[in-house]
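Number of protein chains: 2
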Amino acid sequence: MSDETARHNCTDCPIRHLTDWQNLPKKLLKKMDRYALRRQYELGDKLYHQGDKCHGLFCIRSGFVGLRRYDVSGRSSLIKLAGPGDTLGYRALLGHSTHSNTAEILKASEVCYIDRAIISEILQNHPSVGERFLQRCLTDLERMEAAYLRAKNLTTREQLLHFLMILHEQFGQLDENGCHYIVLPIARKDIAELIGSTPESVSRTIKKLETEHLVQFEGRLASFENLGAIIDQIGMIH
Amino acid sequence: MSDETARHNCTDCPIRHLTDWQNLPKKLLKKMDRYALRRQYELGDKLYHQGDKCHGLFCIRSGFVGLRRYDVSGRSSLIKLAGPGDTLGYRALLGHSTHSNTAEILKASEVCYIDRAIISEILQNHPSVGERFLQRCLTDLERMEAAYLRAKNLTTREQLLHFLMILHEQFGQLDENGCHYIVLPIARKDIAELIGSTPESVSRTIKKLETEHLVQFEGRLASFENLGAIIDQIGMIH
DNA sequence: CGTCTGGTTGATCTAGATCAACAGGAGTGG
DNA sequence: CCACTCCTGTTGATCTAGATCAACCAGACG
Chain A
5 MSDETARHNC TDCPIRHLTD WQNLPKKLLK KMDRYALRRQ YELGDKLYHQ GDKCHGLFCI
65 RSGFVGLRRY DVSGRSSLIK LAGPGDTLGY RALLGHSTHS NTAEILKASE VCYIDRAIIS
125 EILQNHPSVG ERFLQRCLTD LERMEAAYLR AKNLTTREQL LHFLMILHEQ FGQLDENGCH
185 YIVLPIARKD IAELIGSTPE SVSRTIKKLE TEHLVQFEGR LASFENLGAI IDQIGMIH
Chain B
5 MSDETARHNC TDCPIRHLTD WQNLPKKLLK KMDRYALRRQ YELGDKLYHQ GDKCHGLFCI
65 RSGFVGLRRY DVSGRSSLIK LAGPGDTLGY RALLGHSTHS NTAEILKASE VCYIDRAIIS
125 EILQNHPSVG ERFLQRCLTD LERMEAAYLR AKNLTTREQL LHFLMILHEQ FGQLDENGCH
185 YIVLPIARKD IAELIGSTPE SVSRTIKKLE TEHLVQFEGR LASFENLGAI IDQIGMIH
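For the record, the sequence lines run as chains A and B. When the letters of the first sequence are read in order and numbered with this note's numbering, they come out as residues 5 to 242. When the letters of the second sequence are read in order and numbered with this note's numbering, they come out as residues 5 to 242.
What follows is the structure, given as structure tokens:
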């Protein structure tokens, strides 16, 4: 974790339109500007640990963070991936509980911190912000349900393709040949944990996708040779 | 579905202490009394269907209801079991969306219906009710996450034992010999769908549990011969 | 140069899905 | 009352996705 912590200007944040604060009134943004702190984190750093008290919210400006849960026997599962614009920690804050997951940096990230005091103040005086978080919680629940169903019903292959397509929707690029590609933000083993598999199975599945000319991989670069065929194979339920 | 629909008196509801309305001020309860409708439902009836518009909330007075999701290919999964005291439909109501699941009666039930108009009115004038639903949503999310992890990490056997223990915690009884038992509220195939397995596997797993003298089954009666050993086997994470 | 970490391959093993048959009720209707 | 079907649950036989264990390779890095 880098030592330098800097003040962050939320009002002019280039990714504010992606965040939970996109519609916040100017007045409140100004207030947040006085308290938001930005910091650079490196791979493996933790924003908070499972079981920690919640001191505030984290807003991801760039990079990728994984929410990871350890069970009694020490095994861990990646529950979800959070990227630019996502706010972490709202559940423990609103639920007056401890963090139920560990937020681990999976790719070097810039993250802003907003103390719970300022959030509480805003929540008390501006119920619309509370409403915003209720909606956020409802969609998180919806997504979690979808993930649950995928975990129960889909094969490793389908899960992997689904993961790739989600990334493609958010961060897909076009190379000079007009071929769609993405740069995988996380390591193979993290992909495995995310889709509920093992590094070995992910590796084999990748190989199979290559021989079928669906996706080509070069390290963390994944190029989609036949996007249509992929979409055909998975119903693309989000 | 029975034809008779009766007015329901929420104020004096014997299971109100189990519900989301347990702390509702008297004034609001009186208001709800004027609108709540109670009805008897039979196995297979539906409270609402996946994709339906949400017209109001359902509060289960007795019986059991399953939230079931159908995927594109028609396969269904039981997402969760709702019992006495549970309120269904709040997600679609608060999220201004359609129902994402079908609520199907798994065991003859008495269910009260409260129209969205009256709920909206209460929500507008009493933010504490909104807060209550936010908390409800947070715990539902927490539970869904736990279910997700179980689906990913546990064997059929562990899932089944976990299901039995949850029922035992809520509805466990003692017979004349001091032996703990429960009456399974739902059919084998529904148990299978709930824990992400098949009727065949559930049947085999039950048999194994019997030969190991952990649980004895007689139809829908399940007696725990050795509760301690069961708790040892599963970490009992809720 | 060794050491480490992440990724790929190979060989093996198993939980559990799938397919198929059948047994006991519970109705239903002649 | 029997014959019929329908439905749930149980058992048996088989098959496969994917976990596990083990070896190895290639960069990164002190």
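The C-beta atom is built at its ideal place from N, Cα and C for all residues, glycine as well. In this text the structure is predicted, and so the values were computed from the model without any measurement.
Checklist entry - Which residues bound the alpha helix (DSSP H) around B:L145? => result Looking at the DSSP string, the run of the alpha helix (DSSP H) that includes B:L145 is P131 to N157.
Next on the checklist: Please tell me whether B:N157 has its Cβ less than 8 Å away from any Cβ of chain A.
Outcome noted: yes
Next on the checklist: What residue range does the beta strand (DSSP E) around A:T9 cover?
Outcome noted: T9 to R11
Checklist entry - So, using beta-carbon positions, are B:A107 and B:L85 closer together than 8 Å? => result Taking 8 Å as the Cβ cut-off, B:A107 and B:L85 do not qualify as a contacting pair.
Item to check | Candidates A:P88, A:H53, A:D37 and A:C116, of which the one nearest A:T9 by Cα | outcome: A:C116
Checklist entry - At which residues does the alpha helix (DSSP H) containing B:D236 begin and terminate? => result Residues L231 to Q237.
Next on the checklist: What does the alpha-carbon distance come out to for the pair A:L165 and A:T202?
Outcome noted: 15 Å
Item to check | Continuous beta strand (DSSP E) stretch holding A:E114: start and end | outcome: Bounds of the beta strand (DSSP E) holding A:E114 are T106 to D119.
Checklist entry - Would A:S124 be called buried (16 or more neighbouring beta carbons within 10 Å of its own) or exposed? => result exposed
Item to check | Proximal residues, the segment 57 to 83 of chain A versus chain B, C-beta separation under 8 Å | outcome: Correct list: R73, D75, V76, S77, R79, S81 and I83.
Checklist entry - Is the CB of B:G232 under 8 Å away from at least one CB in chain A? => result no
Checklist entry - So is A:H242 buried or exposed if we call it buried at 16+ other beta carbons inside 10 Å? => result With a pLDDT of only 41 at A:H242, under the threshold of 50, the placement of this residue in the model should not be trusted; the figure read from the coordinates follows. Exposed, since its Cβ has fewer than 16 Cβ neighbours within 10 Å.
Next on the checklist: Quick check on DSSP: helix, strand or coil for B:G99?
Outcome noted: Annotated three-state conformation of B:G99 is helix, per DSSP.
Checklist entry - Thinking C-alpha only, which one of B:L127, B:L218, B:L225 and B:E149 is nearest B:K35? => result B:L127
Item to check | C-alpha distance - A:G55 paired with A:R72, whole-angstrom precision | outcome: Here the C-alpha atom of A:G55 lies approximately 12 Å from the C-alpha atom of A:R72.
Next on the checklist: Here's the rule I'm using: 16 or more other beta-carbon atoms within 10 Å means buried, otherwise exposed. How should B:D194 be labelled?
Outcome noted: buried
Checklist entry - If A:C58 and A:H103 are in contact, beta carbons under 8 Å, what's the gap, nearest whole angstrom? => result 6 Å
Item to check | Coarse secondary structure for A:T91, derived from DSSP in three states | outcome: strand
Next on the checklist: One question on the structure: do A:I210 and A:M169 come within less than 8 Å of each other, judged by their Cβ atoms?
Outcome noted: no
Next on the checklist: Alpha carbons only, please: which of B:L82, B:G134 and B:E204 is nearest the one belonging to B:N27?
Outcome noted: B:G134
Checklist entry - B:V206 and B:R224: beta carbons closer than 8 Å? => result No, the pair does not count as a contact, with Cβ atoms beyond the cut-off.
Checklist entry - Looking at B:L98 and A:L138, is the spacing between their C-beta atoms short of 8 Å? => result Against a cut-off of 8 Å, the Cβ pair of B:L98 and A:L138 comes out as a contact.
Checklist entry - Using a beta-carbon distance below 8 Å, is A:G200 in contact with chain B? => result yes
Checklist entry - Which residue comes first and which comes last in the beta strand (DSSP E) that contains B:K84? => result S80 to A86
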